[in-house]
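Have a look at the structure below, then the notes.
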Amino acid sequence: MSMDIEFEKNDFEENRYSRLELIPWWNQELLHNSTVMVVGAGAIGNELIKNLALLGVGKIVIVDMDKIEQTNLTRSILYRMKDVGKYKSEAAAQSAMEINPDVRAICLNSNIVTDIGLGVFRQMDVVLGGLDNREARLAINQSCYKVNKPWIDGAIEVLNGFARVFVPPGPCYECTMTETDWRLINKRKSCALLTHDQMLEGKTPTTPTSSSVIAGIQVQEMLKLLHNDRNLPTLAGKGYVFNGLTHDSFVVEYQQKEDCMSHDLYEDIREMPWSARTVSFGDIIEEASRELGGSVVIELDRDIATTATCVCGHKKDIFNTVNRLRGKDIVCEKCGKSMQFEAIHTVTADSDFLGRKLFDVGLPLYHIIAVRKGMKYIYYELSADKDEVLGGLFE
Ligand SMILES: [Zn+2]
Ligand SMILES: [Zn+2]
84 MSMDIEFEKN DFEENRYSRL ELIPWWNQEL LHNSTVMVVG AGAIGNELIK NLALLGVGKI
144 VIVDMDKIEQ TNLTRSILYR MKDVGKYKSE AAAQSAMEIN PDVRAICLNS NIVTDIGLGV
204 FRQMDVVLGG LDNREARLAI NQSCYKVNKP WIDGAIEVLN GFARVFVPPG PCYECTMTET
264 DWRLINKRKS CALLTHDQML EGKTPTTPTS SSVIAGIQVQ EMLKLLHNDR NLPTLAGKGY
324 VFNGLTHDSF VVEYQQKEDC MSHDLYEDIR EMPWSARTVS FGDIIEEASR ELGGSVVIEL
384 DRDIATTATC VCGHKKDIFN TVNRLRGKDI VCEKCGKSMQ FEAIHTVTAD SDFLGRKLFD
444 VGLPLYHIIA VRKGMKYIYY ELSADKDEVL GGLFE
């Protein structure tokens with residue numbers, strides 16, 4: 084019946100999206116006006132980005148720091164032989180815009196754990212994950228919760244996979260983590276200091292078939308979240324589990340953990356004409372003291388290593404976020420041993436590095452900085468960085 088209706092339509096009335104718009108709840112304009120971030124441009128990421136481009140999602144931000152290798156070509160619809168050696172994020176953004184010139188895709192050639200400021204997350208409608216490690220998932224989870232954005236995780240192994248939907252203030256990724264997950268994440272962190280580059284390589288066996296199944300579910304969930312005024316059922320707080328050997332699938336429901344550390348919400352965000360490159364800790368303390376009155380504390384969302392000390396007595400300044408430290412950064416120049424470092428995550432008016440710029444100690448551009456007096460918090464967004472980070476989306 085519906086086929087007949089389609090065939091009777093005049094060709095000149097149709098556009099690229101006409102068949103999608105036959106779906107009663109579909110809103111193509113809404114999709115065109117949506118901004119979605121895809122983290123990871125590997126097997127799942129390729130399928131996610133392909134789907135977003137086909138559907139005409141207007142603004143796509145692609146985050147990945149790896150380069151394309153020949154082995155990626157069996158699972159990556161967006162890459163060709165000629166792309167081997169290029170950055171995944173760049174090639175993926177290019178392909179997305181070739182698939183559909185209506186979309187604007189930009190690449191952030193960055194590490195999701197260390198380099199993407201909260202201001203970026205705040206601009207997104209939904210975040211999609213195509214990742215192979217828990218550390219990155221946890222970083223996305225914490226960032227999304229702080230700025231109240233839903234994110235949809237995907238994971239595959241051989242023929243199996245799952246897709247999970249996390250919508251604040253419901254159960255989050257950290258709520259689902261088991262002791263084994265924590266053990267693996269801590270092991271990975273300690274290894275990261277020694278052999279970060281080796282650890283970064285995802286070597287999980289995957290197929291283009293399981294990635295397309297799981298990414299399909301993720302994007303379908305995204306569509307429902309974006310059309311949130313249509314009251315469609317979603318997987319919020321739940322996970323879809325797919326067994327590729329039997330083609331059985333089922334849905335699991337997650338419970339919120341009372342003591343979960345990821346449920347931080349940044350409520351009162353001020354857009355400040357500041358850049359991480361030029362604003363100092365002292366500037367922020369000064370502004371916050373004026374606003375809140377009296378002595379204030381900057382509460383950083385990550386540790387900053389300040390100084391390192393060696394058993395031989397040698398000392399040196401580090402001033403970098405701990406999550407950016409590599410083994411070589413804490414090797415003693417005098418004796419070659421690994422040094423112990425001190426780290427802080429708060430800054431007050433009597434700190435001895437008030438003059439340092441945020442970017443110079445490893446904080447990302449377009450970040451949001453929490454400051455408190457007693458239990459009262461305010462959050463300053465470094466909004467002057469928006470153009471440098473996301474400007475390409477609005478060209
Ligand atoms: Zn949680
Ligand atoms: Zn030494």
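For the sequence shown, the positions run 84 to 478 when my numbering is used.
Glycine is no exception: its CB is placed at the ideal position from the N, C-alpha and C atoms.
For residue j and residue i, the rounded distance between their alpha carbons
{"i": "H279", "j": "V121", "result": "Residue placement at H279 is poorly supported in this model, since its pLDDT is 47, which falls under 50; the coordinates still yield a value, given next. If you take the alpha carbons of H279 and V121, they lie about 23 Å apart."}
{"i": "Q390", "j": "H428", "result": "Note on identity: in this sequence residue 390 is Thr, with Gln being the wrong assignment. Taking the straight line joining both Cα atoms gives about 14 Å."}
{"i": "V209", "j": "D435", "result": "40 Å"}
{"i": "L448", "j": "T404", "result": "14 Å"}
{"i": "E164", "j": "P288", "result": "A small correction: the amino acid at residue 164 is Met; Glu does not occupy that position in the sequence shown. Taking the straight line joining both Cα atoms gives about 21 Å."}
{"i": "P316", "j": "W234", "result": "16 Å"}
{"i": "C418", "j": "F325", "result": "53 Å"}
{"i": "V334", "j": "P252", "result": "20 Å"}
{"i": "S295", "j": "Y162", "result": "15 Å"}
{"i": "C227", "j": "H310", "result": "19 Å"}
{"i": "F477", "j": "R385", "result": "30 Å"}
{"i": "G475", "j": "I189", "result": "6 Å"}
{"i": "G322", "j": "E374", "result": "43 Å"}
{"i": "N98", "j": "I106", "result": "15 Å"}
{"i": "E382", "j": "D264", "result": "27 Å"}
{"i": "V140", "j": "K399", "result": "49 Å"}
{"i": "R313", "j": "L306", "result": "11 Å"}
{"i": "R266", "j": "Y256", "result": "16 Å"}
{"i": "V414", "j": "R407", "result": "15 Å"}
{"i": "V146", "j": "A388", "result": "26 Å"}
{"i": "H115", "j": "D468", "result": "24 Å"}
{"i": "Q206", "j": "E471", "result": "14 Å"}
{"i": "K171", "j": "I223", "result": "19 Å"}
{"i": "S372", "j": "I461", "result": "11 Å"}
{"i": "Q177", "j": "K133", "result": "11 Å"}
{"i": "P291", "j": "T154", "result": "12 Å"}
Span of the beta strand (DSSP E) around residue i
{"i": "V324", "result": "K321 to N326"}
{"i": "R99", "result": "Element bounds for R99: n/a, residue is neither H nor E."}
{"i": "N192", "result": "It is not in any beta strand (DSSP E) - N192 carries neither H nor E in the DSSP assignment."}
{"i": "Y337", "result": "Neither: Y337 is in no beta strand (DSSP E) and is coded neither H nor E."}
{"i": "M344", "result": "Where M344 is concerned, there is no enclosing beta strand (DSSP E), given that its DSSP letter is neither H nor E."}
{"i": "R353", "result": "I352 to M355"}
{"i": "I244", "result": "Residue identity differs from the one stated: residue 244 is Gly in this sequence, not Ile. Here the beta strand (DSSP E) through G244 covers N243 to F249."}
{"i": "Y449", "result": "Y449 -> no beta strand (DSSP E), and no H or E assigned at all."}
{"i": "G237", "result": "W234 to E240"}
{"i": "T429", "result": "Q423 to V430"}
{"i": "R385", "result": "V380 to T392"}
{"i": "N231", "result": "Segment: none, N231 is in no beta strand (DSSP E) and carries neither H nor E."}
{"i": "I461", "result": "K459 to L465"}
{"i": "V41", "result": "In the structure as shown, the chain begins at 84 and stops at 478. Residue 41 is therefore absent and cannot be evaluated."}
With 16 other Cβ atoms within 10 Å as the buried cut-off, status of residue i
{"i": "S193", "result": "buried"}
{"i": "G410", "result": "exposed"}
{"i": "E341", "result": "exposed"}
{"i": "D351", "result": "exposed"}
{"i": "Q225", "result": "buried"}
{"i": "G396", "result": "exposed"}
{"i": "Q423", "result": "exposed"}
{"i": "L328", "result": "exposed"}
{"i": "H346", "result": "buried"}
{"i": "P254", "result": "buried"}
{"i": "N129", "result": "buried"}
{"i": "K232", "result": "buried"}
{"i": "V196", "result": "buried"}
{"i": "K270", "result": "exposed"}
{"i": "L277", "result": "In this predicted model, L277 has a pLDDT of only 47, less than 50, meaning its place in the structure is not dependable; the value taken from the coordinates is given anyway. By the neighbour-count rule (16 or more Cβ atoms within 10 Å), L277 is not buried but exposed."}
{"i": "D493", "result": "Residue coverage of the chain in this structure runs from 84 to 478, which leaves residue 493 outside it and unanswerable."}
{"i": "T259", "result": "buried"}
{"i": "G377", "result": "exposed"}
{"i": "G457", "result": "exposed"}
CB-CB length for residue i against residue j, believed under 8 Å
{"i": "Y463", "j": "I367", "result": "6 Å"}
{"i": "K229", "j": "Y349", "result": "5 Å"}
{"i": "V167", "j": "I151", "result": "5 Å"}
{"i": "G125", "j": "G213", "result": "6 Å"}
{"i": "V119", "j": "L103", "result": "No, V119 and L103 are not in contact; Cβ-Cβ is about 16 Å, not under 8 Å."}
{"i": "L465", "j": "S358", "result": "6 Å"}
{"i": "I451", "j": "L221", "result": "No, I451 and L221 are not in contact; Cβ-Cβ is about 18 Å, not under 8 Å."}
{"i": "A238", "j": "Q301", "result": "10 Å between Cβ atoms; not a contact."}
{"i": "R455", "j": "V379", "result": "7 Å"}
{"i": "L437", "j": "G365", "result": "3 Å"}
For residue i, the first and last residue of its enclosing alpha helix (DSSP H)
{"i": "N129", "result": "A126 to L138"}
{"i": "V296", "result": "P291 to L309"}
{"i": "K469", "result": "K469 to L473"}
{"i": "Q111", "result": "Q111 to H115"}
{"i": "D366", "result": "F364 to L375"}
{"i": "E257", "result": "Y256 to T259"}
Neighbour flag for residue i against chain D, beta carbons, 8 Å
{"i": "E152", "result": "Annotation note: the requested chain D is absent from the structure, which comprises a single protein chain."}
3-residue-minimum beta strand (DSSP E) runs that sit fully inside the region 141–220, ordered along the chain: 142–146, 187–191 and 209–213
Considering only residues of the region 394–421, which uninterrupted beta strand (DSSP E) runs meet the minimum length of 3 residues and lie entirely inside it, listed in chain order? 398–404
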